[in-house]
Amino acid sequence: MVKLKSATEPIIEGQLHKLVKPGDSFWSIDDGALLIELQKVYTMEWWSCVIVGHPEIDTTKIEPENSKLDELDDDTRAMVTKMMVRAC
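Residue numbers (my numbering): 47 to 134.
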């Protein structure tokens, strides 16, 4: 559950769409803007939304940055290869 309140009204309220690592997540304020960085438990999953019930995006339309497979760590390379095979 996430709940951030301004003076009177919640800014964000609800259940996160997926699991995060609370100890590795943090927030800060930069130039008056609240920045929240959530570290996902399952890092290879695309989230269709952050808060359950909020508008969702079509994650199949996401085009990740190009990178060379040999630049990725073993686990990431295996996951990317698996995703590429599924897409064919």
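The beta-carbon is built from N, C-alpha and C at its ideal position, and this holds for glycine as well.
Residue i to residue j span [Cα, whole Å]
i, j, result
"Ile97", "Ile108", "19 Å"
"Asp116", "Ser94", "28 Å"
"Thr106", "Trp92", "9 Å"
"Ala79", "Ile58", "14 Å"
"Asn112", "Thr122", "14 Å"
Residues that residue i bridges to, as DSSP identifies them
i, result
"Asp76", "Ala79"
"Lys86", "Val66"
Coarse secondary structure for residue i, derived from DSSP in three states
i, result
"Val131", "helix"
"Val66", "strand"
"Lys114", "coil"
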